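Structure record follows, encoded as structure tokens.
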Amino acid sequence: MKFTAVAALVATLSSTTEAKTQREAFSTVYNDTPDPLISVSLLHKYSDDYKNHQEYPIIKPNGEFGAPFCRVDYVTGFGTTGRDWWAVSWYTSDLKNYCYTDPNNFRGFFDAMDHVAPALITAVAAVATLIVTEGDIESTGKAGELAWATTSALFNSEGTKGYKQHILRSDDSQRFVDIHIKTGGNVEIRSPSGVSTTKYTCRSTNI
């Protein structure tokens, strides 16, 4: 009798519990500010299991978004313990300030600039007008290089300190995760399963 009861319970759990499933979604950054964002980096980590990143030389203002989309990998289902973590950084259009999502006053993103050659920032600043107004291929290439040079060390490091948690669910599979940079220092991460909010900080690049 006891065996029958246990078997019935297991059968019930098996029928109502989602199986462990590897999934993917797609993410990008929306610029809801009135000014262009230069050398934008989008970072995603699913704990230590999956890492995804995408760089954008420029995202134009007033609701424009970056292309291409960033594929993000994650897992859902019974027994999964991973979490999704997100970070975004960018430079202002004059390259005089570096901005980054900052959920817990983490200096890591700002300290990452110590590894970026000032000459690279200056080189992008010199062609910023071409990037914004003309989309010059060589200039945008430099801006993309700066984005990755700024965040590659943090992306390749262990852990998720300084990242914002926004957990993806089965509802988000094959859907879009939109990260909106707002005026006033706010950021929203939106997906079909919910919305998370955080803030960003900007610091001088000293150029």
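Okay, so the sequence shown: first residue is 0 according to numbering that gives the first Met the number 0, each after it adds one.
By construction, the Cβ of each residue, glycine as well, lies at the ideal position given by its N, Cα and C atoms.
Note that the structure is predicted; figures quoted are calculated from it, not measured.
So, is D47 buried or exposed, given that buried needs 16 or more other C-beta atoms within 10 angstroms? In the assembly as shown, D47 is an exposed residue. Its beta-carbon has fewer than 16 other beta-carbons within 10 Å.
In the DSSP assignment, the alpha helix (DSSP H) including A142 goes from what residue to what residue? Unbroken alpha helix (DSSP H) run through A142: I136 to N155.
Flag this pair as yes or no: are the beta carbons of I206 and T121 separated by less than 8 Å? Their beta carbons are under 8 Å apart, which means I206 touches T121 by this criterion.
Mark G184 as exposed unless 16 or more other C-beta atoms lie within 10 angstroms of its C-beta, in which case mark it buried. Residue environment: G184 is assigned as exposed (fewer than 16 neighbouring CB atoms within 10 Å of its CB, all protein chains considered).
Secondary structure of T75, DSSP reduced to three states: Judged by DSSP in its simplified three-state form, T75 adopts strand.
Excluding the 5 residues flanking K44 on each side, which residues of the same chain have their C-beta closer than 6 Å to its C-beta? Cβ contact annotation for K44 (same chain, cutoff 6 Å, sequence separation greater than five): K50, W84 and T159, in chain order.
Report back the beta-carbon spacing between Y29 and I180 to the nearest angstrom; my notes put them in contact at under 8 Å. Confirmed, about 7 Å.
Measure the alpha-carbon distance for I188 versus N103 and round it to whole angstroms. Distance from the CA atom of I188 to the CA atom of N103, rounded to whole angstroms, is 16 Å.
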